[in-house]
Each structure stands twice: as C-alpha cells, then as structure tokens.
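K.L.:
Got a structure here, written out as structure tokens. Questions coming.
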Amino acid sequence: MVAWTDAERKAIQDIWGKLKPAAGQKALIRCLIVYPWTQRYFSSFGSLSDAAAIKSNKKVAAHGEVVLKGLGLAVKNMDNIKATYAPLSVLHSEKLHVDPDNFRLLGDCFTIVVAAHLGRAFTADIQAAWQKFVAVVIAALAKQYH
Amino acid sequence: MSLNAKDKSNVKAIFAKAEPRAEEIGVEVLSRLFTVYPQTKSYFSHWKDFTAGSAEVRKHGLTVMQGVLRAVDMMDNLNTSLLSLSELHAFKLRVDPANFKIISHNILLVLAMLFPDDFTPDVHVSVDKFLAQVNLALSVKYR
Chain V
1 MVAWTDAERK AIQDIWGKLK PAAGQKALIR CLIVYPWTQR YFSSFGSLSD
51 AAAIKSNKKV AAHGEVVLKG LGLAVKNMDN IKATYAPLSV LHSEKLHVDP
101 DNFRLLGDCF TIVVAAHLGR AFTADIQAAW QKFVAVVIAA LAKQYH
Chain E
1001 MSLNAKDKSN VKAIFAKAEP RAEEIGVEVL SRLFTVYPQT KSYFSHWKDF
1051 TAGSAEVRKH GLTVMQGVLR AVDMMDNLNT SLLSLSELHA FKLRVDPANF
1101 KIISHNILLV LAMLFPDDFT PDVHVSVDKF LAQVNLALSV KYR
C-alpha cells in the first residue's frame, strides 16, 4: 500500500479540483503530437495526420474525457489504486495491447498540462506529490500485465 | 529524430523569450530537481544550501540555463560545440546520463509553467527533440 502524507493528499485533491474537464483532451492531444508513435493505438479515430487534425479530432476529445474519468477513479481511491485499477490494467494489457511505457509518456503530458494550468501555484512540493501520484497510477495500470 | 526547420524556429522563439529570465528559470528547474528527485542532490554534496533563494542554486541555475542558451545558438553543430562540456560531464562531474532526461523534463515543465500560451504541443515536441539532441551531445565523451 502507498503511504500518502496529509500534504500529498491535499495537493492531489486540490489539483483535481482545479483541473478543467478539457485537461484529459489536452493531455492526450499533447501525447499524440509530442510522441507520435502513440498514434498506433488510435487507428480507428480517423485523421491524425497533423497537429491541426489531432486538435480538432472529436474522437480524441471524447477519449480525453474517458482518460480523465479514469484518473478521477484514482483520485477518489488514493488508498486503493492498485485494486481499483485491476480491471483497467487487464483491459490495457489483454484487449488494447498498450506498451506500458506509453503510460509514462501520457503521464508526463498530463504533468505538463497541469503545470501550464496552475503556473507558479504548481510548486516543487506539489509537483513531487503529483508525480508520485502519477507514478502510482502508472504502476497500477501496468500491474496486471504478464 | 532530427530537427527540421520548424523545430529550429520553435526552439529559437521560445528560448528568446526565456533568455531574459534565465536565472529565474534555472532556479525553478533546480528546485524541482532537488525536491522531486532528491537523489540529484548527491552531485552537490559540497553545497550548503539547496533552497531556491540560495546563492549556490541561483548561480548554478544561471550556469545551466546559459549552457542551454548556448546550445540553442549552436543548434546546427551540437556535437562539436558541446565537446568541452561533454568532457566536463564525462570525466570530471561524471553525472549519470539518466539525469539528463530528468533535467530536460523539468526544463519543459518550467517553460510550460511560465509561458503557457507559447508552449503549445508543437513547440513542446520541438524543444523535447532539441533537448534530446543536447543530451546526446553531452554524452558523446562518456565512453
């Protein structure tokens, strides 16, 4: 089980409260542009041919919301992320066949989106808490791979 | 993953904005390094004060960012122009190259924080590619 300090819990809940609904979309768009090989998992999404196409793609926007809801599950179950994510981990491994290294890439994009949104309010301590949270989420998503 | 003309102009543009705030950015980058990745402090065991306002952090933050800005100017010729810096990191400082990725992530993050409207996904990918090339050039003399 992961040990969270009170300060870390507060940091995560505060960030979550401040995140706009479009954050998932923004993170996913950034991931698809900055790490274009991640597009391999979205061949059914239509045109991802350039940055403009990615930014205006409705399926990308919708999927960004799905990802954000998934992250919300972890925020609401911080003491039990591994168990909460077990079915999601199976899904990503057995059905979607996503290389777990991609979780880190999307996680980094989320961090950049959060930093851009919060500006100086994203202090070094808050960044530490957020990155610890993202690392736990990523580990949980990768847990059921075999 | 080479830099095309658009990448080069994106990198030049964002770092032109960053240049007047080089020390501020360097201090933010180092503070995050030391707080979020405390193992990086092991390279600075001779320092007395790791807090953001300390003379050591400010001086070193500026040094690092001046190095990055020099690399921006020498973008077309990184391996040659960063040779002496590579020798420094390889033979004297012996910084594990894994840390280059860590500092790059934090440079990207601070740019996003301070210039959110300028640090679009297109600029992000250009700067990421550029920093990866800087890291490679810094690693040239390691072995």
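Respectively, the protein sequence lines represent chains V and E.
Residue numbering for the first sequence follows my numbering, starting at 1 and increasing by one per position.
Residue numbering for the second sequence follows my numbering, starting at 1001 and increasing by one per position.
Every residue, glycine too, gets a C-beta built ideally from N, C-alpha and C.
Quick caveat: nothing in here was measured; it's all calculated off a predicted structure.
1) Within 10 Å of its beta-carbon, does residue 1051 (chain E) have 16 or more other beta-carbons around it, so buried, or fewer, so exposed?
2) Between the alpha carbons of residue 1049 (chain E) and residue 122 (chain V), how many angstroms are there, rounded?
3) Report the residues of the segment 21-48 of chain V with a CB closer than 7 Å to any CB of chain B, ordered along the chain.
4) Taking the alpha carbon of residue 1184 (chain E) as the point to measure from, which residue in V:44, V:80, V:109 has its own alpha carbon closest?
5) Under a CB-based cut-off of 8 Å, is residue 1138 (chain E) close to chain V?
6) Just verifying my parser: in three-state terms, what is the DSSP assignment at residue 77 (chain V)?
7) Specify, as a first and last residue, the run of the alpha helix (DSSP H) that residue 30 (chain V) falls within.
8) Where residue 1138 (chain E) and residue 106 (chain V) are concerned, what is the direct C-alpha to C-alpha distance, given to the nearest angstrom?
9) If you run the structure through DSSP and keep just helix, strand and coil, what is residue 1004 (chain E)?
10) Can you confirm whether residue 1121 (chain E), when its beta carbon is compared against all beta carbons of chain V, has any partner nearer than 8 Å?
11) Rounded to the nearest angstrom, what separates residue 96 (chain V) and residue 1082 (chain E) at their Cα positions?
12) Is there a Cβ of chain V sitting closer than 8 Å to that of residue 1040 (chain E), yes or no?
13) I need the DSSP call for residue 1043 (chain E), collapsed to helix, strand or coil.
14) Which residues of chain V have a Cβ atom closer than 8 Å to the Cβ of residue 1124 (chain E), listed in chain order?
15) Look at the alpha carbon of residue 1004 (chain E) and the alpha carbon of residue 78 (chain V), and state the distance between them as a whole number of angstroms.
16) Three Cβ pairs or more, each shorter than 8 Å: is that satisfied between the segment 26-33 of chain V and the segment 51-64 of chain V?
17) Is the distance from the Cβ of residue 1061 (chain E) to the Cβ of residue 1026 (chain E) below 8 Å?
18) Flag this pair as touching only if the segment 1008-1021 of chain E and the segment 1125-1132 of chain E have three or more C-beta atom pairs under 8 Å; answer yes or no.
19) Quick check on residue 1009 (chain E) - is its C-beta less than 8 Å from some C-beta in chain V?
20) So what's residue 57 (chain V) in DSSP terms, helix, strand or just coil?
21) Within the chosen definition, does the segment 8-28 of chain V reach the segment 122-131 of chain V through at least 3 CB pairs nearer than 8 Å?
22) Rounded to whole angstroms, what is the Cα-Cα separation between residue 104 (chain V) and residue 39 (chain V)?
23) Please look up how many angstroms separate the CB atoms of residue 1098 (chain E) and residue 1142 (chain E), rounded, as I've assumed it's under 8 Å.
24) Quick check: the Cα distance between residue 145 (chain V) and residue 1058 (chain E), rounded to an integer number of angstroms?
25) Identify the contact partners of residue 1035 (chain E) in chain V, using a Cβ-Cβ distance below 8 Å as the criterion.
26) May I ask you to report which of helix, strand or coil DSSP gives residue 978 (chain E)?
27) Between which residues of its own chain and residue 112 (chain V) is the CB-CB distance below 7 Å, once the five residues before and five after are set aside?
28) Report yes if the C-beta distance between residue 1135 (chain E) and residue 1104 (chain E) is below 8 Å; otherwise report no.
29) Quick check: what's the CA-CA separation for residue 1074 (chain E) versus residue 1101 (chain E)?
30) Determine the burial state of residue 24 (chain V): buried for a count of at least 16 other Cβ atoms within 10 Å of its Cβ, exposed for fewer.
P.N.:
On the basis of the supplied data:
1) exposed
2) 22 Å
3) Any reference to chain B falls outside this structure, whose protein chains are V and E.
4) Limits of chain E in this structure are 1001 at one end and 1143 at the other, which puts residue 1184 (chain E) out of reach.
5) no
6) coil
7) 23-34
8) 27 Å
9) coil
10) yes
11) 43 Å
12) no
13) helix
14) 30, 33, 34, 112
15) 43 Å
16) yes
17) yes
18) yes
19) no
20) coil
21) yes
22) 15 Å
23) Contact doesn't hold; Cβ gap of about 12 Å is too wide.
24) 44 Å
25) 124, 125, 127, 128
26) What is shown of chain E runs 1001 to 1143, which leaves residue 978 (chain E) out entirely.
27) 30
28) yes
29) 20 Å
30) buried
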